[in-house]
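**Q** The following block contains the structure, expressed as structure tokens.
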Amino acid sequence: MQQFQSKNPPMNVSAASSLFLGIDTGGTYTDAVLWSEQAGVVAKAKSLTTRHDLAVGISGAVDAVLSKAAVDPGTIKLASMSTTLATNALVEGQGGRVALVMIGFGEEDLARDGLKSALGSDPVIFCAGGHDVHGNAARLDLSLLEAVLPELAGSVSGFAVCAYFATRNPAHEIAARELIRERTGLPVTASHELSAKLGGPRRALTTLLNARLISMIDRLIAATEGFLDRRGIHAPLMVVRGDGALVSAAFARQRPIETILSGPAASLVGARHMTGLDDAVVSDIGGTTTDVAVLDKGRPRLDPEGATVGGYRTMVEAVAMRTFGLGGDSEVALEDGALSPRILLGPRRVVPVSLAAVAHGEAVTEVLERQLRAVNPGRTDGRLVMRTGVPDRLAAGLSAAETRLFDLVTPAPQALDRVLSSNAQMATLNRLVARGLVHLVGFTPSDAAHTLGRQANWNAAAARLAAELFARRRDGRGQVIAETPEAISERVLATLTRLSAEVILETAFEEDGLDGAATVAHALVQRAVGAHPGIARLTVALDRPVIGLGASAPLHYASLAPLVGNHCIVPEDTDVANALGAVVGQVRVSAEATVSQPQEGLFRLSSDDHIRDFLDEDKALEAAEQHVRARAMERAVLAGTDTAELAVFRDVRTATVEGQRKFIEAHIVATASGRPRIAV
0 MQQFQSKNPP
10 MNVSAASSLF
20 LGIDTGGTYT
30 DAVLWSEQAG
40 VVAKAKSLTT
50 RHDLAVGISG
60 AVDAVLSKAA
70 VDPGTIKLAS
80 MSTTLATNAL
90 VEGQGGRVAL
100 VMIGFGEEDL
110 ARDGLKSALG
120 SDPVIFCAGG
130 HDVHGNAARL
140 DLSLLEAVLP
150 ELAGSVSGFA
160 VCAYFATRNP
170 AHEIAARELI
180 RERTGLPVTA
190 SHELSAKLGG
200 PRRALTTLLN
210 ARLISMIDRL
220 IAATEGFLDR
230 RGIHAPLMVV
240 RGDGALVSAA
250 FARQRPIETI
260 LSGPAASLVG
270 ARHMTGLDDA
280 VVSDIGGTTT
290 DVAVLDKGRP
300 RLDPEGATVG
310 GYRTMVEAVA
320 MRTFGLGGDS
330 EVALEDGALS
340 PRILLGPRRV
350 VPVSLAAVAH
360 GEAVTEVLER
370 QLRAVNPGRT
380 DGRLVMRTGV
390 PDRLAAGLSA
400 AETRLFDLVT
410 PAPQALDRVL
420 SSNAQMATLN
430 RLVARGLVHL
440 VGFTPSDAAH
450 TLGRQANWNA
460 AAARLAAELF
470 ARRRDGRGQV
480 IAETPEAISE
490 RVLATLTRLS
500 AEVILETAFE
510 EDGLDGAATV
520 AHALVQRAVG
530 AHPGIARLTV
540 ALDRPVIGLG
550 ASAPLHYASL
560 APLVGNHCIV
570 PEDTDVANAL
580 GAVVGQVRVS
590 AEATVSQPQE
600 GLFRLSSDDH
610 IRDFLDEDKA
620 LEAAEQHVRA
630 RAMERAVLAG
640 TDTAELAVFR
650 DVRTATVEGQ
660 RKFIEAHIVA
670 TASGRPRIAV
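First residue of the sequence shown? That's 0 in my numbering, and the numbers climb one at a time after it.
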């Protein structure tokens with residue numbers, strides 16, 4: 000493993016230096032970093048993420064980093080955040096109740112692209128109207144929408160509007176949007192504002208999810224802005240998008256769907272900044288998951304089909320990130336029914352025993368010591384349960400069995416063998432875990448690391464007791480699986496490193512167009528990764544190094560290199576890569592236009608609400624380029640930069656028919672990018 004030192008080591012920062020504050024809310028920790036162009040990373044800090052109120056974790060991390068740096072908050076000229084809030088909300092099916100308005104579509108369109116499933120019990124209104132592929136309008140009838148608006152105004156938090164071929168002419172979406180705003184005053188998202196791609200049902204899905212997230216992201220941004228203001232930090236607030244670009248908080252408020260995969264995208268930006276590598280596989284290991292993506296020519300590879308989150312394929316451009324349920328807090332289990340059972344990790348996260356013991360010392364250790372005194376090991380040894388701390392109102396809708404079990408669980412950890420009266424109750428408990436109402440506490444790789452003295456931030460004594468309990472488990476022959484707590488801990492950590500190599504290789508195989516999971520599971524790849532001796536020697540190697548990110552990367556990736564056949568580089572500030580990526584990135588926005596030919600000799604320019612006809616192809620293309628240039632610069636200012644540079648891409652599609660060139664369609668994209676503006 001290769002360790003990289005910061006190019007600019009931390010140093011005392013003068014009052015004249017411009018400090019940038021980066022914040023990242025992860026599944027386990029919220030990170031904060033202070034960075035300047037002159038000194039690099041000045042200070043960094045972590046605070047446990049408070050899932051029921053993210054602002055609490057943010058304030059803890061920011062206060063800690065300000066205390067460490069001992070600087071005047073007024074010297075902070077920019078604040079930027081990456082967040083898992085939008086991603087988690089979609090995965091967990093959360094968000095506001097939204098009314099979906101479909102113009103020119105039929106009920107059968109709900110069956111496409113998962114739209115009906117995503118809609119759930121939210122209302123949908125079908126109106127006549129829409130356009131054809133060239134932007135020609137059908138008759139618009141909004142009378143049904145107008146009739147139901149008084150009732151909907153009091154029962155939904157916002158509206159999503161999607162019209163047929165609105166990307167070629169958004170006039171009907173705009174008419175519906177203005178009517179809704181006038182009659183209800185509620186937020187409205189129109190599909191043409193989010194995507195210029197064809198595919199109505201998926202555009203409607205993306206619009207629906209965006210409308211659901213608006214109030215949630217708005218609360219987070221408002222809370223963060225209020226907190227920064229109270230600390231005397233009067234600086235612009237930026238948010239990381241899913242493609243790694245920065246946008247202003249106001250921009251993110253209107254398009255919160257674009258912040259899905261914000262955290263992983265920020266980690267890629269941070270990885271490139273810390274290492275200077277343009278081509279690499281980036282693997283970010285956290286407490287809950289490992290996120291793997293590819294850097295190509297200095298930019299993250301984007302998912303060409305749009306980001307998939309919570310099982311829904313959106314039209315949001317985001318990093319092609321593969322997420323695996325593998326992390327330092329993964330549940331450690333034993334393979335059932337094998338003579339020599341394998342160690343299994345994840346995909347579920349549990350609270351590490353060593354972490355639970357920090358806040359509930361004796362309540363945890365007394366349980367473990369009691370179970371160790373028993374002659375024979377129990378099925379639930381080393382496992383406890385506790386409430387998560389979310390408000391009781393979120394427990395609405397539980398079954399009678401779930402309610403009875405939930406009432407037995409307390410905020411302090413209790414032994415599973417004292418809470419569960421039968422094995423059948425385990426399924427009920429798992430449903431409470433899935434609802435986010437209770438946490439399981441158990442043995443994890445983090446506990447194994449504490450047992451071996453390789454991690455020391457939590458309660459090592461409790462970790463060793465949990466390891467001792469796990470080592471007493473029996474294999475298929477009735478023998479203990481390990482002689483000592485240290486021996487089982489070594490096996491757990493080795494398993495985590497091996498599985499890390501496998502998920503990295505799975506991602507590489509997927510990027511190469513193969514079935515990644517099946518390829519990694521193949522006997523030949525398994526023999527190659529394990530350096531299995533044989534007459535036929537097999538090897539597998541990545542064509543680029545791995546950048547290991549995450550606070551535990553120096554530990555878990557120390558032996559990774561021989562398994563993936565290339566270097567593993569762990570930067571010095573790997574533990575705050577996401578927060579660092581949030582402040583070193585660039586604003587990047589684009590504008591698109593299409594030129595089509597609705598009839599011979601007529602060239603139609605379509606871009607957002609701008610529709611214009613020309614009799615000359617070259618003039619239409621030139622007008623389209625001028626329009627997207629102006630629109631991209633306008634959006635760049637709204638997104639938070641005054642120093643944008645422009646790049647324009649033209650894709651003109653033609654065909655040759657009987658020796659004659661025929662114009663089909665042109666697609667013009669202008670991209671504006673630059674560093675965010677800072678406080679003066």
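For glycine and all other residues, C-beta sits at the position ideal for the given N, C-alpha and C.
In this text the structure is predicted, and so the values were computed from the model without any measurement.
According to the Cβ coordinates, are methionine 237 and alanine 581 closer than 9 Å?
**A** Your numbering for residue 237 matches position 238 in the sequence shown. Your numbering for residue 581 matches position 582 in the sequence shown. Yes, the Cβ-Cβ distance between methionine 237 and alanine 581 is below 9 Å.
**Q** Would you kindly check if the distance between the Cβ of glycine 584 and the Cβ of serine 79 is under 9 Å?
**A** On the sequence shown, residue 79 is found 80 positions in, with the first residue counted as 1. On the sequence shown, residue 584 is found 585 positions in, with the first residue counted as 1. Contact flag set, yes.
**Q** What residues are listed by DSSP as bridge partners for aspartate 62?
**A** Position 63 of the sequence shown holds residue 62. Partner(s): none; aspartate 62 has no beta bridge.
**Q** Looking at the strands, I want to know which residues DSSP matches up with glutamate 591.
**A** Here the question's residue 591 lines up with position 592 in the sequence shown. Glutamate 591 is bridged to Val668.
**Q** Would alanine 678 and lysine 76 be called neighbours here (beta carbons separated by less than 9 Å)?
**A** Sequence index remark: in the sequence shown, residue 678 carries index 679 (1-based). Sequence index remark: in the sequence shown, residue 76 carries index 77 (1-based). Result yes, Cβ atoms of alanine 678 and lysine 76 sit closer than 9 Å.
**Q** According to DSSP, is histidine 521 part of a helix, a strand, or is it coil?
**A** For the purposes of this step, residue 521 is identified with residue 522 of the sequence shown, where counting begins at 1. The answer is coil: DSSP assigns histidine 521 none of H, G, I, E or B.
**Q** Is alanine 60 near serine 46, with beta carbons less than 9 Å apart?
**A** Counted from its first residue, the sequence shown places residue 60 at position 61. Counted from its first residue, the sequence shown places residue 46 at position 47. Yes, Cβ-Cβ distance for alanine 60 and serine 46 is below 9 Å.
**Q** Only counting runs of 4 or more residues, tell me where the alpha helix (DSSP H) segments fall wholly within the segment 237-300, in order along the chain.
**A** Segments of the alpha helix (DSSP H) lying fully in the segment 237-300: 248-253, 261-274.
**Q** Would alanine 622 and leucine 604 qualify as a contact pair, given that the criterion is a beta-carbon distance under 9 Å?
**A** The residue you call residue 622 lines up with position 623 of the sequence shown. The residue you call residue 604 lines up with position 605 of the sequence shown. Their beta carbons are under 9 Å apart, which means alanine 622 touches leucine 604 by this criterion.
**Q** Which residues in the same chain as serine 606 place their Cβ atom closer than 6 Å to its Cβ, once the five residues preceding and following it in sequence are excluded?
**A** On the sequence shown, residue 606 is found 607 positions in, with the first residue counted as 1. So the qualifying residues of the chain are Ala592, His626.
**Q** Name, in chain order, the residues that DSSP records as bridge partners for lysine 661.
**A** Position 662 of the sequence shown holds residue 661. BP columns for lysine 661 point to Ala654.
**Q** What does the Cβ neighbour count give for threonine 719, buried or exposed, with the cut at 16 atoms within 10 Å?
**A** Examination of residue 719 is not possible in this model, given that the chain is present from 0 through 679 alone.
**Q** Alpha carbon to alpha carbon, how far is aspartate 131 from glycine 639? Give it in angstroms, no decimals.
**A** Residue mapping note: residue 639 aligns to position 640 of the sequence shown, counting from 1. Residue mapping note: residue 131 aligns to position 132 of the sequence shown, counting from 1. Answer to the nearest angstrom: the Cα atoms are 35 Å apart.
**Q** Have a look at the DSSP bridge pairing and note the partners of threonine 307.
**A** Counting from 1 along the sequence shown, the entry for residue 307 is found at position 308. Looking at the DSSP assignment, threonine 307 forms a beta bridge with Arg312.
**Q** Within this structure, are the beta carbons of alanine 162 and glycine 113 separated by less than 9 Å?
**A** Residue mapping note: residue 162 aligns to position 163 of the sequence shown, counting from 1. Residue mapping note: residue 113 aligns to position 114 of the sequence shown, counting from 1. Going by C-beta atoms, alanine 162 is not nearer than 9 Å to glycine 113.
**Q** State yes or no: is the beta carbon of threonine 82 nearer than 9 Å to at least one beta carbon in chain D?
**A** Structure shown: chain D not included; a single protein chain is present.
**Q** Which of the three DSSP states is assigned to threonine 74 in this structure?
**A** Translated into positions along the sequence shown, residue 74 becomes position 75. Here threonine 74 sits in helix by DSSP.
**Q** Going by C-alpha distance, which of Ala159, Leu537, Ala174, Ala265 is nearest alanine 319?
**A** Within the sequence shown, residue 319 is the residue found at index 320, counting from 1. Checking every option, the nearest Cα to that of alanine 319 belongs to Ala265.
**Q** Check histidine 133 in the structure and name its three-state DSSP category.
**A** Stepping through the sequence shown from its first residue, residue 133 is reached at position 134. Histidine 133: coil per DSSP, three-state reduction.
**Q** Report all residues from its chain with a CB closer than 7 Å to the CB of glutamate 334; omit the five preceding and five following residues, and keep chain order.
**A** Along the sequence shown, read from residue 1 onward, the residue named residue 334 stands at position 335. The residues are Pro340, Arg341, Leu343.
**Q** Give me the Cβ distance between alanine 189 and valine 147, rounded to the nearest whole Å; I'm assuming they're in contact under 8 Å.
**A** Position 190 of the sequence shown, counted from the first residue, corresponds to residue 189. Position 148 of the sequence shown, counted from the first residue, corresponds to residue 147. Not quite, the Cβ-Cβ distance comes to about 18 Å (not below 8 Å), so this is no contact.
**Q** When burial is assigned at 16 or more other CB atoms within 10 Å of the CB, is aspartate 572 buried or exposed?
**A** Counted from its first residue, the sequence shown places residue 572 at position 573. Aspartate 572 is buried by the Cβ-count criterion.
**Q** Can you give me the C-alpha to C-alpha distance between aspartate 121 and tyrosine 311, rounded to a whole angstrom?
**A** By one-based count along the sequence shown, residue 121 stands at place 122. By one-based count along the sequence shown, residue 311 stands at place 312. Taking the straight line from one Cα to the other gives about 17 Å.
**Q** Measuring CB to CB, does glutamate 330 end up less than 9 Å from arginine 348?
**A** Walking along the sequence shown from the start, residue 330 turns up at place 331. Walking along the sequence shown from the start, residue 348 turns up at place 349. The answer is yes: Cβ separation under 9 Å.
**Q** For tyrosine 28, which residues does DSSP report across the bridge?
**A** By one-based count along the sequence shown, residue 28 stands at place 29. Paired residue(s): Leu47.
**Q** Valine 12 to aspartate 574, Cα distance in whole Å?
**A** In the sequence shown, residue 12 corresponds to position 13, counting from 1. In the sequence shown, residue 574 corresponds to position 575, counting from 1. Its pLDDT being 48, under 50, valine 12 is placed unreliably by the model, and nothing is read from it.
**Q** Among Asp650, Thr24, Arg652, Ala635, whose alpha-carbon lies nearest the alpha-carbon of valine 246?
**A** Here residue 246 refers to the residue found at position 247 when the sequence shown is read from its first residue. Looking at Asp650, Thr24, Arg652, Ala635, the one whose alpha-carbon comes closest to that of valine 246 is Ala635.
**Q** Can you tell which of Arg392, Gly103, Glu501, Ala332 has the C-alpha that lies nearest to the C-alpha of isoleucine 480?
**A** Along the sequence shown, one-based indexing puts residue 480 at 481. Residue Ala332 is the option with its Cα nearest to isoleucine 480.
**Q** Do the CB positions of arginine 382 and leucine 439 come within less than 9 Å of each other?
**A** Taking the first residue of the sequence shown as position 1, residue 382 is located at position 383. Taking the first residue of the sequence shown as position 1, residue 439 is located at position 440. Their beta carbons are under 9 Å apart, which means arginine 382 touches leucine 439 by this criterion.
**Q** Three or more C-beta pairs closer than 8 Å, one from the segment 553-563 and one from the segment 492-499: is that the case here?
**A** yes
**Q** DSSP state of threonine 409, grouped into three classes?
**A** Walking along the sequence shown from the start, residue 409 turns up at place 410. DSSP places threonine 409 outside both helix and strand once states are collapsed to three, so it counts as coil.
**Q** Once you ignore the five residues that flank alanine 279 on each side, which residues in its own chain have a CB closer than 6 Å to its CB?
**A** Within the sequence shown, residue 279 is the residue found at index 280, counting from 1. If we look at alanine 279 and ignore the five residues flanking it on each side, its Cβ neighbours are Leu294, Arg543, Pro544, Ile546.
**Q** Can you find the residues in the same chain that come closer than 7 Å, C-beta to C-beta, to aspartate 474, ignoring five residues on each side of it along the sequence?
**A** Against the sequence shown, residue 474 aligns to sequence position 475. Same-chain partners within the cutoff: Leu338, Ser339, Pro340, Ile480.
**Q** In this structure, what does DSSP give as the bridge partners for methionine 101?
**A** Start at 1 with the first residue of the sequence shown, and residue 101 comes out as number 102. Phe125, Cys161, per the DSSP bridge assignment.
**Q** Return the first residue and the last residue of the alpha helix (DSSP H) that aspartate 217 is part of.
**A** Residue 217 sits at position 218 when you count from the first residue of the sequence shown. Its alpha helix (DSSP H) spans residues 199-229.
**Q** At a cut of 8 Å, does the segment 454-469 reach the segment 363-370 through at least three beta carbon pairs?
**A** yes
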